[in-house]
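Visitor:
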Amino acid sequence: MRVVIAEDQVLLREGLGRLFEDAGDEVVASLGSADGLLAAIAEHDPDLVVLDIRMPPTFTDEGARAAREVKQAHPELGVLVLSQHIETTHAVELVALGGFGYLLKDRVLAVGEFLASAERVAEGGSALDPKVVASLVSARGEDHQLAELTERECEVLQLMAEGLTNAGIAKRLYLSERTIEAHVRHVLTKLDLPVSEDGHRRVLAVLAHLSATQEPLR
Amino acid sequence: MDEHASAQAAARGDRGDSAAWAQVGRVARGGQLTARRIAALIWGLCLVIALAALALLAIGPGRVLPSDVFSGVGGMSFLVLAMTFASVGVLVARRVPESRIGWIFLLTGLANCVQLLTWQYADVGLHATDLLPGASAAAVFNSVISEATAGLLGLSLLLFPDGRLPSRRWRPALASLFVGMALLVLTGTIRPGRYAEPFAQVSNPFGVSGARGVIDGVDFAGWLFVIAGIGLGAAAMVVRLRRARGIERQQLELVLVVGSVAATVAALVMATWLVWPTGHLQMRIALLGLCFASVPLAAGVGILRYRLYEIDLVVNRTLVYVALTVILAAAFAVTVVLLGTLLGRGSGWATAAATLVVAVAFRPLRARLQDVVDRRFNRARYDALRRVANFLEDLRAGRATPEEVEPVLREVLSDPRLELLFFLPESELYVDARGVPVSDIPDDGRERIPVERGGQPLGVVLHDPATQDNPILLRRVVEAGGLAIEIARLHVALRRQLAEVEASRARIVAAGNEERRRLERDLHDGAQQRLVSIGLALRHAQHELSTSSPERARHTLDGALAEVALSIDELRELAHGLPPAQLDAGLGPALRELARRVPARVEVKAPGERFDRGVETAAYFIACEGLTNAVKHADATRIVLSAGRENGKLVVSVSDDGAGGATPTPGSGLSGLADRVAAYGGSLRIESDRGAGTTLVAELPCGS
Chain A
67 MRVVIAEDQV
77 LLREGLGRLF
87 EDAGDEVVAS
97 LGSADGLLAA
107 IAEHDPDLVV
117 LDIRMPPTFT
127 DEGARAAREV
137 KQAHPELGVL
147 VLSQHIETTH
157 AVELVALGGF
167 GYLLKDRVLA
177 VGEFLASAER
187 VAEGGSALDP
197 KVVASLVSAR
207 GEDHQLAELT
217 ERECEVLQLM
227 AEGLTNAGIA
237 KRLYLSERTI
247 EAHVRHVLTK
257 LDLPVSEDGH
267 RRVLAVLAHL
277 SATQEPLR
Chain B
50 MDEHASAQAA
60 ARGDRGDSAA
70 WAQVGRVARG
80 GQLTARRIAA
90 LIWGLCLVIA
100 LAALALLAIG
110 PGRVLPSDVF
120 SGVGGMSFLV
130 LAMTFASVGV
140 LVARRVPESR
150 IGWIFLLTGL
160 ANCVQLLTWQ
170 YADVGLHATD
180 LLPGASAAAV
190 FNSVISEATA
200 GLLGLSLLLF
210 PDGRLPSRRW
220 RPALASLFVG
230 MALLVLTGTI
240 RPGRYAEPFA
250 QVSNPFGVSG
260 ARGVIDGVDF
270 AGWLFVIAGI
280 GLGAAAMVVR
290 LRRARGIERQ
300 QLELVLVVGS
310 VAATVAALVM
320 ATWLVWPTGH
330 LQMRIALLGL
340 CFASVPLAAG
350 VGILRYRLYE
360 IDLVVNRTLV
370 YVALTVILAA
380 AFAVTVVLLG
390 TLLGRGSGWA
400 TAAATLVVAV
410 AFRPLRARLQ
420 DVVDRRFNRA
430 RYDALRRVAN
440 FLEDLRAGRA
450 TPEEVEPVLR
460 EVLSDPRLEL
470 LFFLPESELY
480 VDARGVPVSD
490 IPDDGRERIP
500 VERGGQPLGV
510 VLHDPATQDN
520 PILLRRVVEA
530 GGLAIEIARL
540 HVALRRQLAE
550 VEASRARIVA
560 AGNEERRRLE
570 RDLHDGAQQR
580 LVSIGLALRH
590 AQHELSTSSP
600 ERARHTLDGA
610 LAEVALSIDE
620 LRELAHGLPP
630 AQLDAGLGPA
640 LRELARRVPA
650 RVEVKAPGER
660 FDRGVETAAY
670 FIACEGLTNA
680 VKHADATRIV
690 LSAGRENGKL
700 VVSVSDDGAG
710 GATPTPGSGL
720 SGLADRVAAY
730 GGSLRIESDR
740 GAGTTLVAEL
750 PCGS
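Just so you know, the sequences run in chain order A and B. Our numbering numbers the first residue of the first sequence as 67 and each following residue consecutively. Our numbering numbers the first residue of the second sequence as 50 and each following residue consecutively.
1) Identify, in the order they occur along the chain, each residue of the same chain with its Cβ nearer than 6 Å to the Cβ of valine 318 (chain B), setting aside the five sequence neighbours on each side.
2) From this set, B:Gly584, B:Leu543 and B:Glu475, which residue's C-alpha is nearest glutamate 612 (chain B)'s C-alpha?
3) Considering only residues of the same chain and omitting the five flanking positions on each side of alanine 187 (chain B), which have a CB-CB separation below 6 Å?
4) At the 8 Å Cβ level, is serine 720 (chain B) part of the contact set with chain A, yes or no?
5) Taking 8 Å as the threshold (beta carbon to beta carbon), is lysine 171 (chain A) in contact with chain B?
6) For a quick check, are the C-beta atoms of alanine 160 (chain B) and isoleucine 108 (chain B) less than 8 Å apart?
7) Would you identify the three-state DSSP class for histidine 140 (chain A), choosing helix, strand or coil?
8) Measuring straight from C-alpha to C-alpha, what distance separates glutamate 569 (chain B) and serine 597 (chain B)?
9) Between the Cα of glycine 731 (chain B) and the Cα atoms of B:Ser553, B:Leu418 and B:Pro491, which residue gives the shortest distance?
10) On the premise that valine 307 (chain B) lies in contact with alanine 347 (chain B), defined as a C-beta separation below 8 Å, what is that separation, rounded to the nearest angstrom?
11) List the residues that DSSP assigns as beta-bridge partners of proline 506 (chain B).
12) Taking the alpha carbon of alanine 233 (chain A) as the reference point, which residue from A:Val250, A:Leu103 and A:Val93 has its own alpha carbon closest?
13) Could you check which residue in B:Pro241, B:Arg645, B:Thr400 and B:Leu473 has the C-alpha nearest to that of glutamate 501 (chain B)?
14) Just the chain B side, please: which residues come within less than 9 Å of aspartate 88 (chain A) by C-beta, in chain order?
15) To which residues of the same chain is glutamate 748 (chain B) closer than 6 Å at the C-beta, ignoring the five residues directly before and after it?
16) Starting from tyrosine 168 (chain A), follow the beta strand (DSSP E) in both directions and report where the run begins and ends.
17) Within this structure, are the beta carbons of glycine 111 (chain B) and phenylalanine 134 (chain B) separated by less than 8 Å?
18) From this set, A:Leu257, A:Gly83 and A:Ala130, which residue's C-alpha is nearest leucine 215 (chain A)'s C-alpha?
19) Spell out a yes or no on whether the stretch 228-239 of chain B and the stretch 368-376 of chain B are touching, meaning 3 or more CB-CB pairs, one atom from each, closer than 8 Å.
20) Would you call the stretch 654-662 of chain B and the stretch 676-683 of chain B touching, i.e. three or more CB-CB distances under 8 Å?
21) Inspect the beta-carbon positions of leucine 97 (chain A) and isoleucine 71 (chain A) and report whether they are closer than 8 Å.
22) Cβ of serine 616 (chain B) less than 8 Å from any chain A Cβ?
23) Report yes or no: is there a C-beta of chain D within less than 8 Å of the C-beta of histidine 573 (chain B)?
24) Compare the C-beta of glycine 81 (chain A) against all C-beta atoms of chain B and say whether one is closer than 8 Å.
25) For a contact meaning CB atoms closer than 8 Å, what does valine 93 (chain A) contact in chain B?
26) At which residues does the alpha helix (DSSP H) containing leucine 155 (chain B) begin and terminate?
27) Measure how close the beta-carbons of proline 146 (chain B) and arginine 85 (chain B) come, nearest whole angstrom, since I'm counting them as under 8 Å.
28) Using CA coordinates, which residue listed in B:Leu103, B:Val350 and B:Leu610 is at the minimum distance from serine 582 (chain B)?
29) Tell me the residue span of the beta strand (DSSP E) that contains alanine 747 (chain B).
30) For glutamate 109 (chain A), which option in A:Ala95, A:Val116, A:Pro122 and A:Ala100 has the closest C-alpha, if you only look at C-alpha atoms?
31) Hey, proline 210 (chain B) and glycine 351 (chain B) are a contact pair by Cβ (cut 8 Å); roughly how many whole angstroms apart?
32) Below 8 Å between beta carbons: does that hold for arginine 650 (chain B) and arginine 621 (chain B)?
33) Do you know how far the Cα of leucine 719 (chain B) is from the Cα of aspartate 738 (chain B)?
34) Classify glutamine 299 (chain B) as buried or exposed, calling it buried when 16 or more other Cβ atoms lie within 10 Å of its own Cβ.
35) Mind checking if glutamate 612 (chain B) is an interface residue toward chain A, Cβ cutoff 8 Å exclusive?
36) Quick one: is the Cβ of leucine 511 (chain B) within less than 7 Å of any heavy atom of the ligand HEM?
Given below as C-alpha cells:
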C-alpha cells in the first residue's frame, strides 16, 4: 500500500510513517501541511492519503477541506482523516462520500485495528470512529426500532456503521461469518433498511438511519 | 446679548440717518460711560423741571378757565407722560447707549417737560401772582415749541425699536417730520397778535403783522408734514412687523397693540368733545395723557425685553377683555333699549334683564373670545400647545410612548431638523433617543434650548431658529413637553444601563468561551498530540524489540521519555492561566509571588486577611492585568501594588510611574478587566493622564 501523510506535528508524522513502514506499507510522501497535497498525489499515485483535520495556517478545518478536494479530484482514492476530537456531523458527512475514514488520533495506538481501517478505506470501504458511532447511537436513545435490537445486534450495527465488512465484524466479535450474516439480516429488517450487499451502500443506509435526527446527509 | 446685538447694529453705521443722530452716535461711541452720564444728567434735568412744574401746578392759576387744559389733573397726567418718556429713555440709553431710541425718548421727555413748565410758569405768573418774572416770555417760548413737540411722536414711531430707519427709502419721512417741526416752530415764533387763552393778555413780540394769511397757510403745511411723518412712522411700524422675526416681532407687536388700544381710547375721549364740548375737561385731558404714556412704557418694556415672554399672554388677555367689554356693553345697551321700547322707558325690568343677559353671557362669551383670539392672533401657539396637551393625554392613557416626544416637537414646531438630546447625569453624557451618545453637539447654527425640570437638567433641544420666529411658543412647547421628556430620558437611561449590562455579560461569556477554546486547543494540539506520539514511539519500540534491534529500541524509548518531559512542561504552562495555587495561602502571599515575576520594582502592600475565594481570585487577576499593562504598555519602572479592605470593599490598586494615557478600548485587557470587576458587582477606576503614570483602582464588594 502506497501512503501519503499530511500532518503538521513532526513527531506524530514520523510516528505514523514508522507505523506504516513497520507494517510493510510504503510511505511515498510526508507533508507538514495540506499545501502541495494534490501535487504529491499526482506525482506518487498513492492508495491512501492520511491527513490531520487541523493544520496550519488557521488550525481549524484545513484537513477536512483538503480531504474534500482530494475526493473530488480522485474519487477512487482512499482518504483517512485523523482528528483530535469527536465531531459527528462533519465525520458522517465525510464518511458518506465512500472510500473515506474518520478516526480519532489515539486509534493509531491500536495498531492492528488502525491498519485494518486504513486498508479498508484504501480499498474503497469506510471507517468511522467507534466513538462517533457511539455518539450517533446514543443520540437515538428514544428510537423504538433500536430498542428492539438485542445487545449483540446492537454491537453488529455499530461495527457496520464503523464500516466493517461481515468478515471484519466476525473477526472482531470472534464469531463465524455465517452468524454475523444472520445478525446483519435481523438488524436491517428490524430497522426497515433494504437488505443489501455487504458494502458501502449498507454503511450509507445504516448511517442515514442513525443520523436521521441530526442533519440529513448531503 | 442685548449689548452685543446693539453694538453690531452700531457697527453697521448710521446709514440713512440725519447728522443730528450721528452726533449722538459719536457721543455714544466716544465712551459708554460718558453717554450713560449724559443720559442720567438729562433725566435729572427732566425731573427738576417736572418737579418745578408740579409745584406751580399745585399753586395753580387761581381761577378756572375752560382753556386751562394743562392745569390740575390734566397737567399732572401730562407730566407723568413726559416723565415716562424720560424714564424709559434713560433706562434704554443707559442699558444700550448705542441705540438712538433711548435718546429720542429722553429728548421727547425733555421737550414735553420744558413745554409743561413754561405753560405752568406763564399760567401762574400771568394769573395768580406777580412774583414770577418773565411770565410773558414763558408764554412766548411755550407758544414757539408747543406745536412742534407733537412731531417728536413721529420720530419715535419711525425709529422704533432699534433707533434706525427701516431702510434708506424712509429718509423722506424723517425729512417730512423735521420740515414740519421747523415750520411749526417758525409759525409759532412769527404768528402776530395776541395768543389764545389762557395767555390772551400776551401778544407775540416777534409777530410779523400783516402776513396772517400766509403764516396760517405755512402752519397748515407744517401740520401736514408732521401728520404725514407720523402716518409714515405708523406705516414703518407695520412694514417692520411684516419683516420682523423673533424678539423684534414681539417688541413691535407689543407696541402696536398697546398703541392701538391707546389710540382707540384716545379717539373715544376726543369724540366726547363732539358730544360734550365742556365739562370735565381736565379729566379728559388726564385720560389722554395716561393713554399716551402707555405707549412709551410698552416701548421700554419691549426694548429692555423685560419679561417679554409674559407679554404675549398680556396682549392676548387685553384683546380678550377689551373685546368682551365692548360686546357686553353693546349687549347691555341693546337689551336696555329694546326692552325699554317694549316695556316703556325707565322700566327697572329692562335694566334687570340686561344685567341678567350680561351675567349669563359672560363665561361662555369669554371662552369663545379667548378661543377666537387664540386662533386668530396666535394660531401657531394655539395648535402647538393643543397638540402637546393631546400627546400628554395619550401618554397618560398609554396610547403613546414617551419617545415620541421628539417627533411631536418636530411636527409642532415644524422643524424637521429638530433634535432632542437627553442628559444623563451619572455619565454626564448627552444621548439621543436611541441612547447613542452624542460626544459633541454639532455647532451648525441650531439654537440650543436647555430643558429643565425642578432645577435638574433633562436635556437640550436643538432647533433651527429659521423655522420658528416665536421664542415664547418654543419655550412654552418645550416646557409643556417636559414631563414626556423626563420620562423619555428615564427610559433611555434605563435602556442604556440594560444594554451595558447585557454587553458586559456577553463579553464575560465570550471571554470565558475564548478561554475554554484556548485551553482546549492547547490540550488537543499540545499534550494530547504528544501523548499520541509517545504512544506511537512505544509501539515502535515494541516492534523493534520483536524484530531483533534492541539497540534501536533503547534509542526510541529515550525519545519517548524526552517527549514525556516536554509534556509535563507544557501542562505546567497551561495551568498558568488558572487560579494559582499560591492563592491557597492567601491574597498577600500570592501577590508577593506575582510581584517577584515582574521585571520591575514592585512594592506590595497587602494584608494577611483572607477574603472570599472568588473575590481573591478576581483581585489576583486585576493585579496581574494591572502589572502586565504597567510593564508592557507603560514602560513603568516603579509600581505600587496594594490590596486591602476599605468600607466593606476589597480595594485593589496598581499605580505606576509610566507613560500613562491608558484607555479601555473594546477587546483590550483593561476592558476585559472592567467586565471582570463588574461581574463581581464592583467598579473600576482608571486615572491615566498622559505622562503622569497610570493608577488602576478596583473596588470589589466583599461582604462584611
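Glycine included, every Cβ here is placed at the ideal spot set by N, Cα and C.
Guide: In short:
1) Arg333, Leu336 and Leu337
2) B:Gly584
3) Thr167, Tyr170 and Ala171
4) no
5) yes
6) no
7) coil
8) 41 Å
9) B:Ser553
10) 4 Å
11) B:Glu501
12) A:Val250
13) B:Leu473
14) Arg588, His589, His592, Glu593 and Thr596
15) Lys698, Val700, Gly731 and Ser732
16) 166-170
17) no
18) A:Leu257
19) no
20) no
21) yes
22) no
23) The chain inventory of the structure shown lacks chain D, comprising the protein chains A and B.
24) yes
25) Neighbours of valine 93 (chain A) on chain B: none; closest Cβ ~14 Å, over 8 Å.
26) 149-176
27) 6 Å
28) B:Leu610
29) 744-750
30) A:Ala95
31) 6 Å
32) no
33) 15 Å
34) buried
35) yes
36) The ligand content of the structure shown is nil, which means the ligand HEM is not present either.
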